[in-house]
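The structure under discussion appears below in the form of structure tokens.
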Amino acid sequence: MKRFIFDSSALISYLDGEPNAEKVADYLEEINDKELDAFLCVINLGEIYYHFLRTGGSNTGDVILSTIKTLPLIIVEANIDLTLSAGRIKAFNKMSYADCFAAALTENRKGILITSDKEFKQVEKNIKIEFL
Numbered sequence: 087m088k089r090f091i092f093d094s095s096a097l098i099s100y101l102d103g104e105p106n107a108e109k110v111a112d113y114l115e116e117i118n119d120k121e122l123d124a125f126l127c128v129i130n131l132g133e134i135y136y137h138f139l140r141t142g143g144s145n146t147g148d149v150i151l152s153t154i155k156t157l158p159l160i161i162v163e164a165n166i167d168l169t170l171s172a173g174r175i176k177a178f179n180k181m182s183y184a185d186c187f188a189a190a191l192t193e194n195r196k197g198i199l200i201t202s203d204k205e206f207k208q209v210e211k212n213i214k215i216e217f218l
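As numbered in the working numbering, residues 87 to 218 make up the sequence shown, in order.
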């Protein structure tokens with residue numbers, strides 16, 4: 087069964103109505119229709135939240151959090167194993183720490199990362215990635 091992991095860049099594109107929003111909507115529809123597993127690391131949720139706080143203020147941030155709760159995503163906490171995996175990825179790649187959590191979660195769940203962030207090209211030999 088397919089498992090999808092979303093990076094913050096993909097969901098920000100979707101929630102901001104950017105050019106890749108339709109592609110993300112297609113993934114979310116497939117996940118919902120086929121009852122597939124889809125995940126978002128809580129660290130990446132924080133990244134999405136601060137993006138919308140910066141760009142739209144606290145009301146926008148709250149609306150975005152409410153919207154994310156309606157999506158067919160399972161929010162995954164950053165436990166010790168996931169945090170250490172993200173640390174290993176960060177130690178050997180020039181990526182943001184939050185991106186390392188998305189990569190670690192993808193590796194952990196043996197899923198497919200959905201992202202528009204080219205930073206992930208560094209780890210595509212280790213995880214499956216679908217670039218928007």
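Idealized CB from N, CA, C, for every residue including glycine. A quick note: this is a predicted structure, and the numbers were derived from the prediction, not measured.
By Cβ distance below 7 Å, which residues in the same chain neighbour ILE161 in space, the five residues on each side in sequence not counted?
As a working note, residue 161 is residue 75 in the sequence shown. Cβ within range, chain order: LEU126, VAL128, LEU131.
Quick check on DSSP: helix, strand or coil for PHE216?
One-based indexing of the sequence shown puts residue 216 at position 130. It is worth fixing the name first, because residue 216 is Glu in this sequence and not Phe. Reduced to three states, the DSSP call for GLU216 is strand.
How about THR192 and ILE117: do their beta carbons lie closer than 8 Å?
Your numbering for residue 192 matches position 106 in the sequence shown. Your numbering for residue 117 matches position 31 in the sequence shown. Result no, Cβ atoms of THR192 and ILE117 do not sit closer than 8 Å.
Three or more C-beta pairs under 8 Å: does that hold for the region 133-152 against the region 103-113?
Flag = no, the region 133-152 and the region 103-113 do not touch.
Please classify LEU159: does DSSP put it in a helix, a strand, or coil?
Within the sequence shown, numbered from 1, the residue matching residue 159 stands at position 73. Three-state DSSP puts LEU159 in coil, outside helix and strand.
Expressed to the nearest angstrom, what Euclidean distance is found between the alpha-carbon atoms of LEU97 and LEU114?
Locating residue 97 in the sequence shown gives position 11, where the first residue counts as 1. Locating residue 114 in the sequence shown gives position 28, where the first residue counts as 1. Approximately 10 Å between the Cα atoms of the pair.
Flag this pair as yes or no: are the beta carbons of ILE200 and ALA190 separated by less than 8 Å?
Taking the sequence shown and counting its residues from 1, one reaches residue 200 at position 114. Taking the sequence shown and counting its residues from 1, one reaches residue 190 at position 104. In this structure, ALA190 does not lie closer than 8 Å to ILE200 by Cβ.
Find out if the Cβ-Cβ distance for the pair LYS196, ARG89 is shorter than 8 Å.
Reading the sequence shown from its first residue, position 110 is the one you call residue 196. Reading the sequence shown from its first residue, position 3 is the one you call residue 89. Yes, the pair counts as a contact, with Cβ atoms nearer than the cut-off.
By Cβ distance, which residues of its chain are closer than 6 Å to CYS186, with the 5 residues on each side in sequence left out?
Within the sequence shown, residue 186 is the residue found at index 100, counting from 1. Cβ neighbours of CYS186 beyond the five flanking positions: ALA172, ILE175, LYS176.
Helix, strand or coil: how does DSSP classify ASP148 here?
Numbered from 1 along the sequence shown, position 62 holds the residue referred to as residue 148. Here ASP148 sits in helix by DSSP.
May I have a chain-ordered list of the beta strand (DSSP E) segments no shorter than 3 residues that lie completely inside the region 171-206?
DSSP runs (the beta strand (DSSP E)) wholly in the region 171-206: 198-201.
Taking all protein chains shown into account, decide if ALA184 is buried (16 or more other Cβ within 10 angstroms of its Cβ) or exposed.
Residue 184 sits at position 98 when you count from the first residue of the sequence shown. Classification for ALA184: buried.
For ALA164, which three-state DSSP category applies?
Translated into positions along the sequence shown, residue 164 becomes position 78. ALA164 falls in the coil class under three-state DSSP.
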